[in-house]
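J.: In this note's numbering, the protein residues as written are 3 to 296.
Each residue gets a CB set at the ideal place from its N, CA and C atoms; glycine is no exception.
Note that this is a predicted model, so its numbers are computed, not measured.
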Amino acid sequence: MSRNLLGLIESRQAQVAVVGCGYVGLPLALTLWRAGFRVLAVDIDRQKVAALRACRPYVWGVEEPELKQALDSGDFVPTEYADEAAKSDVVLLCLPTPLDENNIPDLSALRETAEWLAQHLRRGQLVVLESTTYPGTTEEVLRPILERSGLVAGRDFYLAYAPHRYDPGSEGRRIGDIPRVVGEGGEASLEVAAAFYETFTPQVVRVSNTQTAEAVKMLENIFRAVNIALVNELKEVFLKLGVDTYEAIEAAATKPFGFMKFLPGPGFGGHCVPVDPFYVAWRAKQVGVECDFV
Numbered sequence: 003m004s005r006n007l008l009g010l011i012e013s014r015q016a017q018v019a020v021v022g023c024g025y026v027g028l029p030l031a032l033t034l035w036r037a038g039f040r041v042l043a044v045d046i047d048r049q050k051v052a053a054l055r056a057c058r059p060y061v062w063g064v065e066e067p068e069l070k071q072a073l074d075s076g077d078f079v080p081t082e083y084a085d086e087a088a089k090s091d092v093v094l095l096c097l098p099t100p101l102d103e104n105n106i107p108d109l110s111a112l113r114e115t116a117e118w119l120a121q122h123l124r125r126g127q128l129v130v131l132e133s134t135t136y137p138g139t140t141e142e143v144l145r146p147i148l149e150r151s152g153l154v155a156g157r158d159f160y161l162a163y164a165p166h167r168y169d170p171g172s173e174g175r176r177i178g179d180i181p182r183v184v185g186e187g188g189e190a191s192l193e194v195a196a197a198f199y200e201t202f203t204p205q206v207v208r209v210s211n212t213q214t215a216e217a218v219k220m221l222e223n224i225f226r227a228v229n230i231a232l233v234n235e236l237k238e239v240f241l242k243l244g245v246d247t248y249e250a251i252e253a254a255a256t257k258p259f260g261f262m263k264f265l266p267g268p269g270f271g272g273h274c275v276p277v278d279p280f281y282v283a284w285r286a287k288q289v290g291v292e293c294d295f296v
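(1) Whole angstroms are fine: how far does the CA of P29 sit from the CA of E252?
(2) Going by other Cβ atoms of all chains shown within 10 Å of its Cβ, with 16 needed for buried, is N104 buried or exposed?
(3) Answer yes or no: do L123 and A162 have a C-beta to C-beta separation smaller than 8 Å?
(4) Ordered along the chain, which non-local residues of its own chain (more than five positions away) have a Cβ less than 7 Å from that of R167?
(5) To the nearest angstrom, report how far apart L347 and G260 are at their CA atoms.
(6) Ends of the beta strand (DSSP E) at Q17?
(7) For L95, count neighbouring Cβ atoms within 10 angstroms of its own Cβ and tell me buried if that reaches 16, exposed if not.
(8) What is the rounded straight-line gap between the Cα of V275 and the Cα of I230?
(9) Below 8 Å on the Cβ atoms is my contact criterion, and I expect D91 with L42 to pass it. Report the Cβ-Cβ distance as a whole number of Å.
(10) For R125, is the classification buried or exposed, using 16 other Cβ atoms within 10 angstroms of its Cβ as the cut-off for buried?
(11) Pick helix, strand or coil for Y163, following the three-state DSSP scheme.
(12) Provide the residue span of the beta strand (DSSP E) that contains L131, from first to last.
(13) Would a C-beta distance cut-off of 8 Å place V44 and A72 closer than the cut-off?
(14) Please state the DSSP three-state secondary structure of G178.
(15) Helix or strand or just coil, what does DSSP make of R145?
(16) Kindly identify the DSSP beta-bridge partner or partners of T81.
(17) Which residues does DSSP list as the beta-bridge partners of A286?
(18) Can you tell me whether Y248 is buried or exposed, with buried defined as 16 or more other CB within 10 angstroms of its CB?
(19) I need the boundaries of the beta strand (DSSP E) containing R208, first residue and last residue.
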């Protein structure tokens, strides 16, 4: 079974559905189109779909000329009809994973999409979750819902987690330039998922399971959040002491080990970085650990 899908991936004959066309999904969909795949850009927001069909990009990094070229090719198809995505060989889930009013992870979009997908899942498909989430989501939330279809992950279809990596505002780092992490405990699923990501990224880092891959994303974002908060606090101290913070940082950055440069700023933003500490703290409480630092 894996040979069939691997062949479709290697020959770029596999159809890919990107479900969720926000700031992560839309650039990813265009990256896949550039790599030679036929891509369905799926979103339940009809205004987004209409904007794409009218060649009106709405996220940073997606330019009108490239979007027009993709649309004109016939191999980039915006749609709000999820049933069309179910016919795809590869389904990538790029869904919002916010917090609710009590700062508890809200996975409602993922659950609803998984329930829909389970009704249409077929043998030999690859399903990959890219949304930022806590360790255990793919195995404990997504997999059980998909397996209500009667199909078993790793035997009848392939399931993996590959945390998105995107640097909005950076001219020099597009999605296709950034190494990707892929995790799944089953050898067949990992092989197929890694082969897929190797078609459009410079390096695929395989980890032993989905929980580890999910932890990688948490680690990356919380590391960033903590260090931005640290350097902002130190700036206030240095200001009172008459120290030029930027001069101190640049000098410290000459140390070839044990230091990574972070610059003061207005704080951290975006969707993931402010949310992820709450995700980890919530998950930690579930296993009896209190996160004082995070």
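T.: To lay it out plainly:
(1) Taking the sequence shown and counting its residues from 1, one reaches residue 252 at position 250. Taking the sequence shown and counting its residues from 1, one reaches residue 29 at position 27. Spanning the two alpha carbons is a distance of roughly 33 Å.
(2) Locating residue 104 in the sequence shown gives position 102, counting from the first residue. It is exposed - the Cβ of N104 has fewer than 16 other Cβ atoms within 10 Å.
(3) The sequence position of residue 123 within the sequence shown is 121, counting from 1. The sequence position of residue 162 within the sequence shown is 160, counting from 1. The answer is no: Cβ separation not under 8 Å.
(4) By 1-based counting over the sequence shown, the position of residue 167 is 165. Residues of the same chain with a CB within less than 7 Å of the CB of R167, apart from the 5 flanking positions on each side, are I180 and R182 in chain order.
(5) The question about residue 347 has no answer here: the residues shown for the chain are numbered 3 through 296.
(6) Here residue 17 corresponds to residue number 15 of the sequence shown, with the count starting at 1. Residues Q17 to V21.
(7) By 1-based counting over the sequence shown, the position of residue 95 is 93. Buried.
(8) Within the sequence shown, the letter at position 273 stands for residue 275. Within the sequence shown, the letter at position 228 stands for residue 230. Cα to Cα, V275 sits roughly 11 Å from I230.
(9) Taking the sequence shown and counting its residues from 1, the one referred to as residue 91 is at position 89. Taking the sequence shown and counting its residues from 1, the one referred to as residue 42 is at position 40. That pair is no contact at about 11 Å.
(10) Within the sequence shown, the letter at position 123 stands for residue 125. Burial call: exposed.
(11) As a working note, residue 163 is residue 161 in the sequence shown. Strand at Y163.
(12) Taking the first residue of the sequence shown as position 1, residue 131 is located at position 129. Judged by DSSP secondary structure, L131 falls within the beta strand (DSSP E) whose first and last residues are L128 to L131.
(13) Reading the sequence shown from its first residue, position 42 is the one you call residue 44. Reading the sequence shown from its first residue, position 70 is the one you call residue 72. No, they are not a contact pair.
(14) One-based indexing of the sequence shown puts residue 178 at position 176. When secondary structure is reduced to three states using DSSP, G178 falls in the helix class.
(15) Within the sequence shown, numbered from 1, the residue matching residue 145 stands at position 143. Looking at R145 - three-state DSSP - the assignment turns out to be helix.
(16) Mapped onto the sequence shown, residue 81 falls at position 79. Partner(s): V44.
(17) Here residue 286 corresponds to residue number 284 of the sequence shown, with the count starting at 1. Looking at the DSSP assignment, A286 forms no beta bridge with any residue, so it has no partner.
(18) Reading the sequence shown from its first residue, position 246 is the one you call residue 248. It counts as exposed.
(19) The residue you call residue 208 lines up with position 206 of the sequence shown. For R208, the enclosing beta strand (DSSP E) stretches over residues V206 to V209.
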